[in-house]
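Scroll down for the structure; my scribbles are underneath it.
Next up, the structure:
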């Protein structure tokens, strides 16, 4: 059954946090390839990935970023989310063997005029290394 | 057969452009849901999406953004791409019926010290409305 948080704009407070874990597998990588058509060998050819200094094929950065969709749409604020903008910086390469990743978001600004919240985001691998940091601006829709 | 451009850093010139079209279908949406677990009803429940003023279910913004992976990894620069950072602003909602989308990138800065290029990105729906604009900073790896 689909479940998600249902925070409304009035419920959002500065400093609110949400976090969750996600798995990245070969199957996840294949689905992302099917969606995007991104056949780049860094993500698809072990030999090439190793030649560039990586222990395994590198997980698509935009696949790691895709979990920000889940952060906003399921957790913070959940149902009434509408993402306005996203900024991400990739700090370290992500490998399947470093899964699960942990995704964390914290409310750092609340804009009453736009009904928009700013969420600072970090994603960590299972060694607790930060692999991504970013900022999302998310509108909170009226309850319907 | 996997094909991609193989521009090296020395080949990249200011103003270079690449563009391509992508299809978004129900199947694409389902795959993105399976990857992310983002069960938000704006993307999954027609009735809710309509109640929020949309003609159809809204395509995940981070799904639209995922084609920036393809832009860098297949087109510009292609094989030797390593995405450092991405900023995107969602200008209009995307609907499946507005597919195909056209993805365009243009080199606007070249940093010789970091072997990094800046790509200004725009994504248009089939009505030629801009649905996303953004900036990517992409490293160009040495040829291996």
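Chains as they are written, first to last, in the working numbering: chain A, 1 to 144; chain B, 1001 to 1144. Cβ atoms here follow ideal geometry from the backbone N, Cα and C, with glycine treated the same way. On a predicted model such as this, the values are computed, not experimentally measured, just so you know.
- request: Check distances from the C-beta atoms of the region 20 to 42 of chain A to those of chain B and list, in chain order, the residues that come in under 8 Å.
  value: 22, 28, 31, 32, 34, 35, 36, 37, 38, 39, 40, 41, 42
message: Any beta carbon of chain B sitting closer than 8 Å to that of residue 4 of chain A?
response: yes
- request: Anything in chain A within Cβ reach of residue 1060 of chain B, meaning under 7 Å, just list it in chain order.
  value: Close to residue 1060 of chain B, with beta-carbon spacing below 7 Å, are these residues of chain A in chain order: 69.
Interface partners of residue 1099 of chain B on chain A, CB under 9 Å: Taking a Cβ-Cβ cut-off of 9 Å, residue 1099 of chain B has no neighbours in chain A, whose nearest Cβ is about 12 Å from it.
- prompt: Out of B/1083, B/1033, B/1073, which has the shortest C-alpha to C-alpha gap to residue 1006 of chain B?
  reply: Looking at B/1083, B/1033, B/1073, the one whose alpha-carbon comes closest to that of residue 1006 of chain B is B/1073.
query: If you compare alpha carbons, which of B/1016, B/1141, B/1043, B/1109 is closest to residue 1064 of chain B?
result: B/1043
field: Short Cβ contact (8 Å threshold) for residue 1040 of chain B with residue 81 of chain A
entry: yes
query: Any chance the region 1100 to 1118 of chain B sits against the region 116 to 129 of chain A, with 3 or more Cβ pairs inside 8 Å?
result: no
- prompt: In three-state terms, what does DSSP make of residue 37 of chain A?
  reply: coil
query: What span of residues does the alpha helix (DSSP H) with residue 61 of chain A cover, start to end?
result: It spans 61 to 70 - the alpha helix (DSSP H) in which residue 61 of chain A sits, taken as one unbroken run.
field: Cβ-Cβ separation, residue 34 of chain A to residue 1092 of chain B (assumed contact under 8 Å), whole Å
entry: 26 Å between Cβ atoms; not a contact.
Residue interval of the beta strand (DSSP E) (run including residue 1019 of chain B): 1017 to 1022
4-residue-minimum alpha helix (DSSP H) runs that sit fully inside the region 57 to 144 of chain A, ordered along the chain: 61 to 70
message: For residue 88 of chain A, which residues in the same chain have their Cβ closer than 7 Å to its Cβ, ignoring the five residues on either side in sequence?
response: 65, 132, 134
- request: Under 8 Å between beta-carbons, which chain B residues line up against residue 83 of chain A? List them in chain order, please.
  value: 1061, 1062, 1090
message: Using beta carbons (cut-off 8 Å, strictly below), is residue 52 of chain A in contact with chain B?
response: Output row for residue 52 of chain A: interface = yes.
Distance CB(residue 96 of chain A)-CB(residue 136 of chain A) smaller than 8 Å: Against a cut-off of 8 Å, the Cβ pair of residue 136 of chain A and residue 96 of chain A comes out as no contact.
field: Within chain A, partners of residue 1094 of chain B - CB distance below 9 Å
entry: By Cβ distance, chain A contributes nothing, its closest Cβ being about 12 Å from residue 1094 of chain B, past 9 Å.
query: Quick one, are the C-beta atoms of residue 1062 of chain B and residue 51 of chain A less than 8 Å apart?
result: no
query: Which same chain residues, not among the five before or five after residue 1009 of chain B, have their C-beta less than 6 Å away from its C-beta?
result: 1115, 1140
message: On the criterion of 16 or more Cβ atoms from any shown chain inside 10 Å, does residue 1049 of chain B qualify as buried, or is it exposed?
response: Answer is buried; the Cβ neighbour count reaches 16.
field: Cα-Cα separation, residue 17 of chain A to residue 1105 of chain B
entry: 35 Å
task: State the start and end residues of the unbroken alpha helix (DSSP H) segment that holds residue 55 of chain A.
output: That residue, residue 55 of chain A, is in no alpha helix (DSSP H); it is neither H nor E in DSSP.
- request: Please look up how many angstroms separate the CB atoms of residue 1094 of chain B and residue 1059 of chain B, rounded, as I've assumed it's under 8 Å.
  value: 4 Å
query: Where does residue 1025 of chain B land, buried or exposed, given buried means 16+ other C-beta within 10 angstroms?
result: Residue 1025 of chain B counts as exposed, since fewer than 16 other beta carbons sit within 10 angstroms of its beta carbon.
query: Nearest-angstrom Cα distance between residue 12 of chain A and residue 77 of chain A?
result: Rounded to the nearest angstrom, the two C-alpha atoms are 8 Å apart.
query: Under three-state DSSP, which class holds residue 1006 of chain B?
result: strand
- prompt: Between residue 1144 of chain B and the rest of its own chain, which residues show a CB-CB distance below 8 Å, the 5 nearest in sequence each way excluded?
  reply: none
query: Within 10 angstroms of its Cβ, does residue 1098 of chain B collect 16 or more other Cβ (buried), or is it exposed?
result: buried
field: Alpha-carbon to alpha-carbon, residue 1067 of chain B and residue 1036 of chain B
entry: 16 Å
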